[in-house]
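All residue numbers for the sequence shown refer to our numbering, where the first residue is 66 and numbers rise by one.
Virtual Cβ for every residue (Gly too), placed ideally from N, Cα, C.
Here is the structure we will look at, set down as structure tokens.
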Amino acid sequence: MSSVLERPSRTTAGTGPVPPRRRTRILALPEARWALAALVLFLAALPLYLLDAPAWLWGPLFAATYVTGGWEPGWEGLKALKDKTLDVDLLMVVAALGAAAIGQVLDGALLIVIFATSGALEAVATARTADSVRGLLDLAPETATRLADDGTETTVPAGELAVGDVVLVRPGERIGADGRVLDGLSDVDQATITGEPMPVAKQPGDEVFAGTLNGTGALRVKVERDPSESVIARIVAMVEEAAETKAPTQLFIEKVEQRYSLGMVAATLLIFAVPLFLGADLQPTLLRAMTFMIVASPCAVVLATMPPLLSAMANAGRHGVLVKSAVVMERLGQIDAVALDKTGTLTEGTPRLTDLRPLAASDGGGPALDENTLLRYAAAAEHPSEHPLARAVVAAARARGLDLPPAEDFGSTPGTGVTATVDGRTVAVGSPARLLDDPAHPASVLVAGLEEEGRTAVVVTLDGQPAGVLAIADRLRPEAALATRALGELTGRAPVLVTGDNPRAAARLAAEAGIADVRAGLLPQDKVAAVRELQEAGAKVLVVGDGVNDAPALAAAHTGIAMGRAGSDLALETADAVVVRDELAAIPAVVALSRRARAFVVQNLVIAGTFITALVLWDLIGTLPLPLGVAGHEGSTVLVGLNGLRLLADGAWRRAHPGSDR
């Protein structure tokens with residue numbers, strides 16, 4: 066979950082601006098440079114080849130394409146042979162060279178470029194994830210103000226703090242270590258850790274976390290954890306561990322890669338060696354073997370897999386879902402359980418005024434106010450405040466077109482609220498615990514009822530007398546119920562809500578969204594534990610979240626999707642897919658589209674397998690002319706490619722989207 070606060074400027078206590086997060090430049094990666102060189106050379110050679118230019122013009126360019134794009138996968142494949150493993154990349158390089166050897170230079174070069182580009186994209190994704198994990202450490206300040214027993218202040222690196230040290234956290238600073246408040250009152254935005262949508266009031270005895278943002282009060286905090294053991298440090302460790310231990314992902318066709326590759330190579334050698342041993346002529350034997358290698362090569366099979374997945378990726382991208390790879394698109398269709406974050410995922414992530422409850426004249430001890438008058442007083446008093454609750458009240462007043470009078474003698478007390486003079490009357494807006502001292506008062510009854518429903522209650526007093534109660538809460542996304550129902554239908558089980566928010570607020574939102582399994586008050590490691598519990602029961606879990614505290618669960622899950630509009634950098638990089646427009650209903654749509662793509666893959670494999678079988682049998686039993694073999698091989702490739710491209714149509718997305726009428 067991301068914070069509902071506007072993102073603060075990247076500053077740390079006493080250090081000034083934080084340097085921008087370093088991102089690995091794409092061309093700094095050797096895989097990207099080689100792939101780009103291969104693509105440029107291929108594009109330079111292509112028009113010359115198609116225009117029947119002399120071979121000495123396009124020949125060297127194609128040769129350079131083979132070298133720049135194929136040397137690295139070829140070298141890795143040769144190294145894999147030392148471990149008695151036949152890598153599919155090596156097989157593709159051999160197939161490309163075989164195609165060139167019998168005159169199909171263009172086909173081989175295209176295959177080389179495709180594989181080089183795929184390897185570069187994988188390298189970029191890996192590097193960006195590593196960048197984000199390193200950037201997460203910027204959340205914690207570089208320095209902290211340590212207090213000696215005599216009150217002397219010393220600025221020290223936050224990493225040097227030890228358990229038992231006392232630090233001073235001034236207003237607007239990030240807290241330097243996990244600890245407990247000794248003195249002071251303040252509101253702390255800890256959404257990066259717990260995902261709670263609103264700052265939490267902190268007083269002596271309360272726990273605070275490194276990297277969370279202090280509000281308007283000063284706090285003295287006793288360090289209780291070594292910086293290397295802080296919650297934010299453990300988030301980094303969990304993301305890195307999950308990335309390292311997550312099972313390697315493969316496309317469906319790669320699961321039979323070894324058997325097919327070994328079989329094809331062995332068959333090619335036999336077709337070449339056995340006739341020679343029996344006295345056959347070299348040239349026709351070599352031609353038969355090369356024809357076999359071309360018609361039996363996995364090019365058509367690979368292309369049978371990729372076009373449906375790539376088409377589904379492109380279609381999803383047009384509709385606001387960025388799927389990071391073909392492997393991810395395939396994995397999305399395998400999920401059979403969903404775990405959803407709350408704030409910023411199921412909800413909009415911004416507190417809004419939901420209820421206005423003026424007190425009757427006899428209840429408040431003064432003349433009763435109507436809703437607009439109550440809101441006008443409250444918004445005028447809150448207008449100078451930067452607290453998220455204040456902004457929600459002011460936004461509601463502006464939405465009603467209310468004219469706000471100026472506030473005089475404004476004052477703000479952390480953990481209590483604000484006071485101001487409005488139209489000559491003393492207005493206080495703040496915590497019920499501070500402004501109400503009679504639990505039997507009608508205002509207290511209203512507060513209890515609203516808080517029981519999971520809302521945050523705020524009391525408004527005029528001249529010391531309660532005048533009304535406001536309720537503020539995060540708002541469920543309009544399509545949340547539709548999306549959760551569609552996900553349940555796709556997976557066969559209802560989604561699970563995993564959130565760091567309080568149980569009452571979580572239960573209220575879950576009920577509105579139609580979710581029965583609610584797991585609230587979770588820290589990041591608890592979310593990971595919840596995901597692993599589902600996985601240990603045999604489920605392939607899709608996690609949907611948007612914040613730093615969701616990143617470990619996103620990394621540990623079978624597949625992770627991040628909400629892109631307000632998502633943290635770490636969540637966006639860790640997730641396998643990103644919902645750019647924050648349309649929750651797009652998640653079941655992309656899952657359904659993935660399942661259609663997987664069905665198309667199976668269709669294409671049947672088509673490609675049928676062509677390969679027929680051509681191979683022809684070559685083995687009869688005499689398959691090489692041009693006819695190439696035509697049949699390429700024809701099957703074109704056919705499966707066109708079949709896969711059907712998923713590019715907008716109709717494919719409409720049929721997958723839960724809000725469409727199909």
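Between residue i and residue j, what straight-line distance do the alpha-carbon atoms span, to the nearest angstrom?
{"i": "Val339", "j": "Leu599", "result": "54 Å"}
{"i": "Arg72", "j": "Pro269", "result": "Low local confidence applies: a pLDDT of 32 at Arg72 is under 50, so the model's placement there is unreliable, with the coordinate-based value given in what follows. Taking the straight line joining both Cα atoms gives about 27 Å."}
{"i": "Val234", "j": "Ala209", "result": "8 Å"}
{"i": "Thr481", "j": "Gly495", "result": "6 Å"}
{"i": "Phe127", "j": "Val105", "result": "10 Å"}
{"i": "Ala185", "j": "Ala97", "result": "5 Å"}
{"i": "Gly124", "j": "Gln169", "result": "12 Å"}
{"i": "Arg711", "j": "His623", "result": "27 Å"}
{"i": "Val608", "j": "Ala621", "result": "9 Å"}
{"i": "Ala585", "j": "Thr484", "result": "34 Å"}
{"i": "Gly579", "j": "Leu707", "result": "40 Å"}
{"i": "Trp718", "j": "Val703", "result": "23 Å"}
{"i": "Ala505", "j": "Glu447", "result": "27 Å"}
{"i": "Glu395", "j": "Gly629", "result": "21 Å"}
{"i": "Thr33", "j": "Asp684", "result": "As displayed, the chain neither begins before 66 nor continues past 727, which places residue 33 out of reach and without an answer."}
{"i": "Glu730", "j": "Leu501", "result": "Nothing can be reported for residue 730, as the shown portion of the chain is limited to 66 through 727."}
{"i": "Lys311", "j": "Arg597", "result": "Unreliable positioning characterises Lys311 in this predicted model, as indicated by a pLDDT of 47, which lies under 50. The coordinate reading is nonetheless provided below. Computed Cα separation, rounded: 12 Å."}
{"i": "Pro543", "j": "Leu375", "result": "30 Å"}
{"i": "Asp715", "j": "Val403", "result": "26 Å"}
{"i": "Thr277", "j": "Asp566", "result": "15 Å"}
{"i": "Ala120", "j": "Leu113", "result": "9 Å"}
{"i": "Ala93", "j": "Gly134", "result": "17 Å"}
{"i": "Glu516", "j": "Ala298", "result": "33 Å"}
{"i": "Pro449", "j": "Ser477", "result": "9 Å"}
Measuring CA to CA, which of the options is closest to residue i?
{"i": "Pro471", "options": "Ala572, Thr491, Ala461, Ala457", "result": "Thr491"}
{"i": "Ser701", "options": "Ala331, Thr350, Ile677, Gly216", "result": "Ile677"}
{"i": "Arg285", "options": "Gln255, Arg245, Asp254", "result": "Arg245"}
{"i": "Gly173", "options": "Pro560, Ala110, Leu670", "result": "Ala110"}
{"i": "Asp271", "options": "Ile297, Asp243, Val296, Ser293", "result": "Asp243"}
{"i": "Gln399", "options": "Ser496, Leu552, Gly382, Ser509", "result": "Leu552"}
{"i": "Ala594", "options": "Ala575, Ala581, Val563, Val613", "result": "Val563"}
{"i": "Thr549", "options": "Glu648, Val360, Ile297", "result": "Glu648"}
{"i": "Thr688", "options": "Leu421, Thr356, Gly382", "result": "Thr356"}
{"i": "Leu454", "options": "Ser509, Ile297, Asp539, Gly229", "result": "Asp539"}
{"i": "Asn669", "options": "Thr370, Ala345, Met329", "result": "Thr370"}
{"i": "Arg239", "options": "Ala275, Val228, Pro292", "result": "Ala275"}
{"i": "Thr419", "options": "Ala391, Ala461, Asn380, Ala345", "result": "Ala461"}
{"i": "Ile537", "options": "Arg456, Pro617, Asp503", "result": "Arg456"}
{"i": "Ala381", "options": "Asp248, Leu658, Asp215", "result": "Leu658"}
{"i": "Val57", "options": "Lys407, Thr438, Pro690", "result": "The question about residue 57 has no answer here: the residues shown for the chain are numbered 66 through 727."}
{"i": "Pro264", "options": "Gly237, Ala464, Val288, Arg463", "result": "Gly237"}
{"i": "Ala213", "options": "Gly224, Glu225, Val232", "result": "Val232"}
{"i": "Phe107", "options": "Thr130, Leu94, Leu115, Ile91", "result": "Thr130"}
{"i": "Ala227", "options": "Ser295, Val681, Gly134", "result": "Ser295"}
{"i": "Asp468", "options": "Ser477, Ala443, Gly489", "result": "Ala443"}
Please tell me whether, using a cut-off of 8 Å, the distance from the CB of residue i to the nearest non-hydrogen atom of the ligand GTP is below it.
{"i": "Arg558", "result": "Absent from the structure shown: the ligand GTP. Ligands present: none."}
Sorted by chain position, which residues of the same chain lie with C-beta nearer than 7 Å to residue i's C-beta, five sequence neighbours on each side aside?
{"i": "Gly81", "result": "In this predicted model, Gly81 has a pLDDT of only 36, less than 50, meaning its place in the structure is not dependable; the value taken from the coordinates is given anyway. Closer than 7 Å at Cβ, skipping near neighbours: no residue."}
{"i": "Leu387", "result": "Ala642, Val643, Val645"}
{"i": "His722", "result": "Ala650, Ala654"}
{"i": "Ala636", "result": "Gly610, Asp611, Gly612, Val613, Asp615, Ala616, Leu619, Ala627"}
Could you check how far apart the C-beta atoms of residue i and residue j are, in whole angstroms? I think they sit under 8 Å.
{"i": "Asp641", "j": "Val487", "result": "Actually they are not in contact, since the Cβ atoms of Asp641 and Val487 sit about 51 Å apart, beyond 8 Å."}
{"i": "Thr350", "j": "Phe337", "result": "6 Å"}
{"i": "Pro372", "j": "Val705", "result": "7 Å"}
{"i": "Val523", "j": "Ala532", "result": "Incorrect: roughly 12 Å between the Cβ atoms, too far for contact."}
Within a Cβ cutoff of 6 Å, which residues of the same chain sit near residue i, ignoring the five residues on either side of it in sequence?
{"i": "Ser251", "result": "Lys267, Asn279, Gly280, Gly282, Leu284, Pro479"}
{"i": "Asp401", "result": "Thr556, Ala604, Lys605"}
{"i": "Gln315", "result": "Summary for Gln315: the model assigns pLDDT 49, below 50, so the residue's position carries little reliability; its value from the coordinates is reported in the next sentence. Once the five neighbours on either side are set aside, Gln315 has no close Cβ partner at all."}
{"i": "Ala165", "result": "Gly173"}
{"i": "Gly211", "result": "Strictly speaking, residue 211 in this sequence is Arg, with Gly absent from that position. Cβ within range, chain order: Thr219, Val221, Asp230, Val232."}
The alpha helix (DSSP H) spanning residue i covers which residue range?
{"i": "Ile672", "result": "651-686"}
{"i": "Glu601", "result": "589-601"}
{"i": "Arg211", "result": "Note, Arg211: premise wrong, no alpha helix (DSSP H); beta strand (DSSP E) at 208-212."}
Specify, as a first and last residue, the run of the beta strand (DSSP E) that residue i falls within.
{"i": "Gly553", "result": "No beta strand (DSSP E) holds Gly553; the alpha helix (DSSP H) holding it covers 545-556."}
{"i": "Leu284", "result": "284-288"}
{"i": "Val388", "result": "386-388"}
{"i": "Leu405", "result": "402-405"}
{"i": "Ser477", "result": "472-478"}
{"i": "Pro423", "result": "412-423"}
{"i": "Ser251", "result": "251-254"}
Within 9 Å of any Cβ in chain C, is that where the Cβ of residue i sits?
{"i": "Lys407", "result": "Among the chains of the structure shown, chain C does not appear; only one protein chain is present."}
Go through its chain and collect everything with a Cβ distance to residue i's Cβ below 8 Å, but skip five positions before and after it.
{"i": "Asp503", "result": "Ser509"}
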